[in-house]
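Protein chains: 2
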Amino acid sequence: MIKLSSENEKLKFKAEVFKAMGHPLRLGIIEFLRDEEKCVCEIVDFMGTGMSNISKHLSVLKKAGILEDRRDGLKMMYRLIMPCAIEFSSCVEQIVLKRLDKHRSIMVA
Amino acid sequence: MIKLSSENEKLKFKAEVFKAMGHPLRLGIIEFLRDEEKCVCEIVDFMGTGMSNISKHLSVLKKAGILEDRRDGLKMMYRLIMPCAIEFSSCVEQIVLKRLDKHRSIMVA
DNA sequence: TTATTGTTTTACTAAATAACGAAATAGTGA
DNA sequence: TCACTATTTCGTTATTTAGTAAAACAATAA
Chain A
1 MIKLSSENEK LKFKAEVFKA MGHPLRLGII EFLRDEEKCV CEIVDFMGTG MSNISKHLSV
61 LKKAGILEDR RDGLKMMYRL IMPCAIEFSS CVEQIVLKRL DKHRSIMVA
Chain B
110 MIKLSSENEK LKFKAEVFKA MGHPLRLGII EFLRDEEKCV CEIVDFMGTG MSNISKHLSV
170 LKKAGILEDR RDGLKMMYRL IMPCAIEFSS CVEQIVLKRL DKHRSIMVA
């Protein structure tokens, strides 16, 4: 069966969102922004890596449509604009924890 | 601020789930399996690429804990075991469509 | 204007990972 | 054994990632 090309286009766009979230540092940023916007400097302090590196990851998330930024004086503030990302992340977390438990009990057995 | 290492471990596991979904072909497989299990041959027919390629992508999804398989005679049947993946995928789709609309209206304006 | 702060971008290196097709290798059942 | 379905391995090519350093940029203060 041949898939419609518009379907493929949609899949590519959607996959880009998942790909953007598929990196520990970027996922950490998303969770850090869960409740309120933060400046780049706060994100750098929290994540513990260089500003230039964080800035690159932020631009990936922005391009994917997951974050938006806004200037506040000298600072750039970033905020989450895809609330379902947090929901899905918690769902994945539950599954991951369950798997880790299972793994642990196999190790013990 | 320094992050706990167990937090980092969890982030890595979760990121793996997102990474697994961050590929058009794999996302297509997930949506194809939305309602019922399918054999590899059906997935190959639907996605339109080689079996060896599909098989590898299936193993990525299985390893991430998104799919499970079961043998039925000669065939291997795959099914989705992470229902929230579908929910999140629809949420992302809505956002992607909105962005495409906006893009289109900018192009027209 | 110049200096300072906060951020982004570009450029480069090096290592790791991912993608795909083709061929070899399982498993299962007749 | 043969046919069928699926997985694995191999080799090539491409992409991703981390990291650092330097330059560019934007807004504010002196």
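Protein sequence lines correspond, in order, to chains A and B.
Reading the first sequence from the start, the letters are residues 1 to 109 in the numbering used here.
Reading the second sequence from the start, the letters are residues 110 to 218 in the numbering used here.
Glycine included, every Cβ here is placed at the ideal spot set by N, Cα and C.
Minimum Cβ-Cβ distance from residue i to chain A less than 7 Å
{"i": "B/VAL126", "result": "yes"}
{"i": "B/MET160", "result": "no"}
{"i": "B/PHE197", "result": "yes"}
{"i": "B/PHE122", "result": "yes"}
{"i": "B/LEU170", "result": "no"}
{"i": "B/VAL153", "result": "no"}
{"i": "B/VAL201", "result": "yes"}
Backbone secondary structure at residue i - three-state DSSP
{"i": "B/MET191", "result": "coil"}
{"i": "A/ARG70", "result": "strand"}
Chain B contact for residue i (CB, 7 Å cutoff)
{"i": "A/CYS39", "result": "no"}
{"i": "A/ILE95", "result": "yes"}
{"i": "A/ARG104", "result": "no"}
{"i": "A/MET21", "result": "yes"}
{"i": "A/ARG99", "result": "yes"}
{"i": "A/GLY73", "result": "no"}
{"i": "A/LEU67", "result": "no"}
{"i": "A/LEU58", "result": "no"}
{"i": "A/LEU80", "result": "no"}
{"i": "A/ILE27", "result": "It should be noted that the sequence gives Leu, not Ile, for residue 27 of chain A. Chain B contact via Cβ: present."}
In DSSP terms, what residue i is bridged to
{"i": "B/LYS184", "result": "B/ASP181"}
Between the region 90 to 102 of chain A and the region 120 to 127 of chain B, can you find at least three pairs of beta-carbon atoms closer than 8 Å? yes
Validate contact between the region 136 to 144 of chain B and the region 26 to 42 of chain A using beta carbons, cut 8 Å, 3 pairs: no
Residue ranges of each alpha helix (DSSP H) run of no fewer than 4 residues wholly in the region 112 to 174 of chain B, ordered along the chain? 114 to 130, 133 to 141, 149 to 156, 160 to 172
Inter-stretch contact at 8 Å, needing at least 3 Cβ pairs: the region 56 to 70 of chain A / the region 152 to 166 of chain B: no
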